[in-house]
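Below: one structure, written as C-alpha cells.
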Amino acid sequence: VATCTPCKAGTYSTYSGTTSSTCIPGRCGRDMYSTKIGAAAFFDPDCLDCPEHSTAPVLGNVNRSICSCIAGYSGPNGGPCIPCPAGSFKADAGSAGCTQCAHGKRSTTRSVDKDDCVTMQAPMVSEVCPKAPIQNWGDPRFSRCKLSWAWEELYDGYRNHSITWYHGSLHTRRVTGKFEHYVCVKDDPCSTDLTDAFFCYVWSIRDSAFLPWGPNSVLKLLHLPVTQDEVLHLRAANTRMASDLEDLTALLTNLTATVAALAEK
Numbered sequence: 001v002a003t004c005t006p007c008k009a010g011t012y013s014t015y016s017g018t019t020s021s022t023c024i025p026g027r028c029g030r031d032m033y034s035t036k037i038g039a040a041a042f043f044d045p046d047c048l049d050c051p052e053h054s055t056a057p058v059l060g061n062v063n064r065s066i067c068s069c070i071a072g073y074s075g076p077n078g079g080p081c082i083p084c085p086a087g088s089f090k091a092d093a094g095s096a097g098c099t100q101c102a103h104g105k106r107s108t109t110r111s112v113d114k115d116d117c118v119t120m121q122a123p124m125v126s127e128v129c130p131k132a133p134i135q136n137w138g139d140p141r142f143s144r145c146k147l148s149w150a151w152e153e154l155y156d157g158y159r160n161h162s163i164t165w166y167h168g169s170l171h172t173r174r175v176t177g178k179f180e181h182y183v184c185v186k187d188d189p190c191s192t193d194l195t196d197a198f199f200c201y202v203w204s205i206r207d208s209a210f211l212p213w214g215p216n217s218v219l220k221l222l223h224l225p226v227t228q229d230e231v232l233h234l235r236a237a238n239t240r241m242a243s244d245l246e247d248l249t250a251l252l253t254n255l256t257a258t259v260a261a262l263a264e265k
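Sequential numbering from 1 applies to the sequence shown in the numbering used here.
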C-alpha cells in the first residue's frame, strides 16, 4: 500500500493513484504566497496577494514575510509599506529604510533614485508656517482649479526654467500620510491678483492628486520680492487714488459751500 504525504506549503502535485510522484515547487505566481498544505493545482484561490506596494520575486512563497516593500516604499517584510517622504528615496525592494537626499536637495514622495533629488533655488521651500485662521483646501470657489502638471513635470519644469513654483510643509495643519505639503505655482489660471501670480495647491497622498487651496495673495505662504512691473503698477494705482482723492476733496468743498449758501437764504 502506497504511503502518501501531503505536499508542503508552496508546492503541489497533480498526480493521483499508485504512481510515484514528487511535489513541484512554485505553486503561486510572483507577488503571491500560500500557506496551504496538500495543494493539487498550480494555482487556486488559496494563493494570496502580497500586501500593497510589496513584491515576492520568486515562485513557491510559503508565507507573507517573503513579501518585501518595493522601491520608493519602506516597511518590514510582510508590510505594511509606506511611501518614502519628500526629500528621500529608496532604490531597491527590501526592508531597508528610505535614504535622505543630500543637504539642500529635494525629491517627491515615492522617489526611487538619488538622481530624483534635485537642488532647488530659494525660496523653493517656504519658511512661512501656515497659521490659523486660514481657509481650508477644497474651497468650492476653486473647485474648477486644477494643476496641469504632475510632480515629475514640475521638477522637469524647474530644471528647464519653464515652470516657476515653490513648495513647503503644512506644519501644524499637516495630516501625516494624507496631507503634508503644498505647492504654489506662478501664472496659474486661478491666480487673478495683478501683483501676486501664485496659486497654491495641497498634495493629497491618499488620492495622489493636487487639491486647490487658494491664491497666495490671500494665504500669504510665500514672501515674494516685488518686481519692477509691480512697482510701476502700484505707483500708477497710487497716482489714480491720489487724483480721485483730490476730486472728492473738491467735490466736498463745493458741497460745503453750496450748503452754507442755502443756509444763509
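Think of the CB as a built atom: it goes at the ideal place given N, C-alpha and C, for glycine as much as any other residue.
For residue 70 and residue 174, the gap between their C-alpha atoms comes out near 26 Å. Residue range 209 to 215 is occupied by the beta strand (DSSP E) that includes residue 214. In the DSSP assignment, residue 157 falls within the unbroken alpha helix (DSSP H) covering 151 to 159. With respect to the 7 Å criterion, residue 90 and residue 98 are classified as neighbours on the basis of their beta carbons. Rounded to the nearest whole angstrom, the C-alpha separation of residue 66 and residue 95 is 11 Å.
Taken in chain order, the unbroken stretches of beta strand (DSSP E) that lie wholly in the stretch 157 to 183 and span 3 residues or more are 165 to 169.
C-alpha of residue 191 to C-alpha of residue 146: approximately 12 Å in a straight line. The alpha-carbon separation between residue 253 and residue 240 amounts to approximately 20 Å.
The beta-carbon separation of residue 35 and residue 63, rounded to 6 Å, stays under the 8 Å limit for a contact.
Residue 158 has its alpha-carbon roughly 20 Å from the corresponding atom of residue 85.
Between the beta-carbon of residue 155 and that of residue 168 there is about 16 Å, and that puts the pair past the 8 Å contact cut. Assigned with DSSP and collapsed to three states, residue 99 falls in strand. Secondary structure of residue 249 (DSSP, three-state): helix.
Here the alpha carbon of residue 101 sits roughly 13 Å from the alpha carbon of residue 110. When DSSP states are grouped into helix, strand and coil, residue 258 belongs to the helix group. Distance between residue 74 and residue 219, taken at the CA atoms: about 34 Å.
Residue 186 and residue 242 have their C-alpha atoms spaced approximately 31 Å apart. For residue 198, the enclosing beta strand (DSSP E) starts and ends at 198 to 204. One Cα belongs to residue 87, the other to residue 215, and the distance between them is close to 25 Å. Comparing alpha carbon positions, the residue from 244, 23, 72, 210 closest to residue 149 is 210. Taking a 10 Å sphere around the C-beta of residue 237, we find fewer than 16 other C-beta atoms and assign the residue as exposed. Look at residue 219 here: in three-state DSSP terms it is helix. Here residue 106 carries a strand assignment [DSSP, helix/strand/coil].
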